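Q: Please see the structure below; I have some questions.
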Amino acid sequence: MDEGVKQTWMDEKSSPAVTSTLTAQPFVVHRKCVHKRTFPISYLFMTIIASLWICSKAIAYFLRSGSPTALPSLTSTDLAVGAVKWFECDADVPDGVECGTINVPLDYFNASKGISSLALARLNATKERRGTVFLNPGGPGGSGIGLLTERGDLLALMIGPHYDLVGFDPRGIGKTVPKTQCFPNAIDRQIFQANTVIEQGFTVTSNYSDPIMRDKLIEQHRQFLALYETQAKLCAENMGEELKYMGTANVVRDIDFMATVFDGKDANINFLGGSYGTILGAYLVNMFPSRVGRVVIDGVANPVLWSNEETYFWPRDFLSSTEDTFQWFLRACSEAGPKLCPLARKIGESTLDIQSRLEVFMDELYENPLPVPNARRPGYLTSGGFRSILLVVLERPATWGIRSKYLADAMAGDATELYNMLLPDYDLTAPDGDLARLAVSCLDAPRPKTQAEFPTPEMMTDAALAAIRDGPERFTGPWNHTLNNKILIVSNTADPVTPIASGKLVHKLLADSSALLVQNSPGHCSLAVGSLCTMKAFRKYYDSGELPPEGTICETDEPLFPDPDNDMHLFGDKTKEDAALLRAAMGIRDVLHGISGRRI
């Protein structure tokens with residue numbers, strides 16, 4: 001890593017947290033006033049996040065092994081690189097949305113390797129066309145097709161009528177070929193993972209200095225690594241070297257290729273990406289700075305860390321704002337009171353009391369998992385499962401009302417609804433999202449120099465508490481190119497998995513080639529809580545290229561614990577156009593929650 005860039009990243013990591021607000025009043029996390037049981041909540045999530053990203057020896061094995069499997073049967077016309085087909089989607093979609101495929105080179109440096117067939121969805125511009133905006137919802141593993149086939153009409157309202165909108169399933173994902181498919185079908189994979197640490201999460205106690213707890217966590221990591229080695233061997237048998245073409249740099253070249261096919265060789269590339277989509281966006285603007293058009297990245301992950309550090313080092317950075325989000329949740333719950341947030345016992349209750357009850361319950365689950373006989377699949381709730389769900393709740397403030405009830409019900413002995421959230425959807429065709437995520441992230445991260453550098457259970461445990469690197473291309477920067485057009489960077493003040501520090505870092509690196517908009521809210525990505533200010537900034541930028549002034553902070557319009565008996569205030573004072581834009585934000589958010597699964 002370039003030392004100057006590395007120092008910039010370290011400076012951003014150590015910078016003071018930005019204060020956030022719950023209402024119009026300043027909201028400050030009072031870190032010095034600690035209850036005797038209180039500890040940073042990010043500790044509770046460290047092993048969960050780590051489990052999503054670890055590139056073990058097994059993962060490296062399956063991405064180096066085997067030979068390409070046969071592509072689906074295609075005609076000679078289909079095999080032409082650049083061939084595009086459009087057809088009617090196989091489900092009900094918004095008016096004007098069509099589905100399709102485009103053939104791109106599997107290996108941009110070796111034409112003999114064949115093709116990859118990317119699955120697409122498109123909604124054409126309704127006014128004078130200015131080009132194409134490519135969409136990525138995050139992941140890695142999220143389907144860009146789903147964004148358009150679910151609510152393309154709302155995306156058009158947010159971006160404007162002058163662009164074709166194209167969602168695509170990146171390599172390894174969804175309907176794109178080849179795709180990550182290590183098991184015969186999704187149910188086989190779900191059965192394999194049932195009641196293991198992959199599904200249940202890592203069980204830890206709040207007493208993180210307890211050596212016995214550390215030993216137990218090491219044993220869980222041993223199980224985890226063995227499970228992943230088994231999966232990896234299955235991947236090697238079923239996919240072979242196809243996996244090595246799924247890195248982010250390959251996907252960026254696919255976007256560049258599609259932009260040339262759809263808009264012309266010298267056309268600008270326009271893009272909207274959230275979560276992992278911001279990694280894709282950072283790669284895009286720095287790999288092709290002279291083609292940058294209108295680019296928005298929202299919920300920014302750290303691209304320097306992503307491309308230059310081993311994956312098991314990522315969680316500490318990802319979770320640096322989780323404590324702020326958790327405290328915001330507690331404060332909002334306290335203000336809402338037990339009618340709207342059943343975790344509270346009275347309006348204005350001490351947040352430390354609410355937090356203490358949550359911590360006590362997690363410790364009780366550590367000692368005695370809770371039986372759940374009436375869920376979609378009978379089972380038991382562990383402390384790891386509870387924490388996994390709590391992290392998802394923090395990402396999605398729009399669900400805080402109903403999910404706080406699920407949490408409270410579990411604490412009262414009925415974890416049915418909460419456990420149902422943990423269980424997979426039993427669908428033969430469900431995508432293999434977790435393994436697709438590993439394929440992409442491990443291809444992007446640096447290669448260990450020796451066998452000894454692969455993570456051991458002890459290394460993984462200690463990293464939580466305190467690669468398939470044979471792809472044709474890795475991009476590791478530089479990240480500070482001067483761009484053809486300025487891009488818009490959006491970060492929340494309290495994003496639990498992509499902290500505001502990452503947005504500030506990317507803005508600092510791109511300097512005058514970017515603008516940073518801060519949305520004063522909790523949750524993962526700006527659409528987590530509806531904000532007219534942010535939506536108007538999106539619309540204005542795509543329409544005219546006008547960026548918000550430096551230092552812009554957007555407040556939100558959506559309550560965190562809405563009262564179902566009094567919802568007129570949300571839209572009652574809005575113009576027809578503003579109400580439609582705010583509804584679009586909320587509708588797109590609901591689609592993202594449905595298709596994203598576990599994201600960054």
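Residue numbers for the sequence shown follow the UniProt record's numbering, beginning at 1 and rising by one. C-beta: ideal position from N, C-alpha, C; glycine also. Because the structure is a prediction, the values reported are computed rather than measured.
1. Counting pairs of Cβ atoms below 8 Å between the stretch 331-341 and the stretch 399-415, do you hit three or more?
2. Below 8 Å between beta carbons: does that hold for valine 133 and leucine 106?
3. Classify serine 383: buried if its beta carbon has 16 or more other beta carbons within 10 angstroms, exposed otherwise.
4. So what's phenylalanine 271 in DSSP terms, helix, strand or just coil?
5. So serine 526 and aspartate 298 are in contact, right, with Cβ under 8 Å, and what is the actual spacing, rounded?
6. Take the Cβ of serine 112 as the centre, count every other Cβ of all protein chains shown within 10 Å, and call the residue buried at 16 or more, exposed below.
7. Can you tell me which residues form a DSSP beta bridge with threonine 132?
8. Can you tell me whether DSSP reads isoleucine 59 as helix, strand or coil?
9. Classify glutamate 219 as helix, strand or coil using the three-state DSSP reduction.
10. Sort Gln223, Ala301, Val204 and Asp557 by Cα distance to isoleucine 500 and report the nearest one.
11. Mind checking tyrosine 426: buried by the 16 CB within 10 Å criterion, or exposed?
12. Within 10 angstroms of its Cβ, does isoleucine 59 collect 16 or more other Cβ (buried), or is it exposed?
13. What residue from Ser116, Val93 and Leu123 has the CA that sits closest to glutamate 150's CA?
14. Return the chain-ordered list of same chain residues with a C-beta closer than 7 Å to the C-beta of leucine 280, the five sequence neighbours on each side being excluded.
15. What residue range is occupied by the uninterrupted beta strand (DSSP E) comprising lysine 540?
16. Considering only residues of the same chain and omitting the five flanking positions on each side of lysine 32, which have a CB-CB separation below 6 Å?
17. Could you tell me which of Leu319, Met258, Val529 and Cys99 sits nearest to residue 662, measuring between CA atoms?
18. Let me make sure I understand the geometry here. Which of Arg474, Val84 and Gly152 has the alpha-carbon closest to that of alanine 584?
19. Count the other C-beta atoms from every protein chain shown that fall within 10 angstroms of the C-beta of phenylalanine 87, then say buried if there are 16 or more, exposed otherwise.
20. Mind checking whether isoleucine 489 and glycine 503 have CB atoms under 8 Å apart?
21. Could you check the C-alpha separation between aspartate 353 and valine 393 for me, to the nearest Å?
22. Quick one: is leucine 22 buried, meaning 16 or more other Cβ sit within 10 Å of its Cβ, or exposed?
23. Who are the Cβ neighbours of serine 117 in its own chain at under 7 Å, not counting the five residues just before and after it?
24. Buried or exposed: which applies to phenylalanine 109, given that a residue is buried once 16 or more other Cβ atoms fall within 10 Å of its Cβ?
A: Let me spell this out:
1. yes
2. no
3. buried
4. strand
5. 5 Å
6. exposed
7. Asp164
8. Residue confidence is low: isoleucine 59 scores 49 on pLDDT, short of 50, so the model does not pin down where it sits. Its coordinate-derived value is still stated next. Looking at isoleucine 59 - three-state DSSP - the assignment turns out to be helix.
9. helix
10. Ala301
11. exposed
12. The predicted model places isoleucine 59 with a pLDDT of 49, which falls under 50 and marks its position as unreliable; any figure quoted below should be read in that light. With 16 or more other Cβ atoms within 10 Å, it is buried.
13. Val93
14. Asn136, Thr248, Val251, Val252 and Gly273
15. Where lysine 540 is concerned, there is no enclosing beta strand (DSSP E), although the alpha helix (DSSP H) it sits in stretches over 532-544.
16. Because lysine 32 carries a pLDDT of 33, less than 50, the predicted location of this residue cannot be relied on, and the following value inherits that uncertainty. Nothing meets the Cβ criterion.
17. A query on residue 662 cannot be resolved here, the shown segment of the chain reaching from 1 to 600 and no further.
18. Gly152
19. exposed
20. yes
21. 19 Å
22. Low confidence applies here, because leucine 22 scores a pLDDT of 29, under 50, leaving its location unreliable; read the following figure in that light. Its Cβ being crowded by 16 or more others within 10 Å, leucine 22 is buried.
23. Thr101, Asn103, Thr176 and Val177
24. exposed
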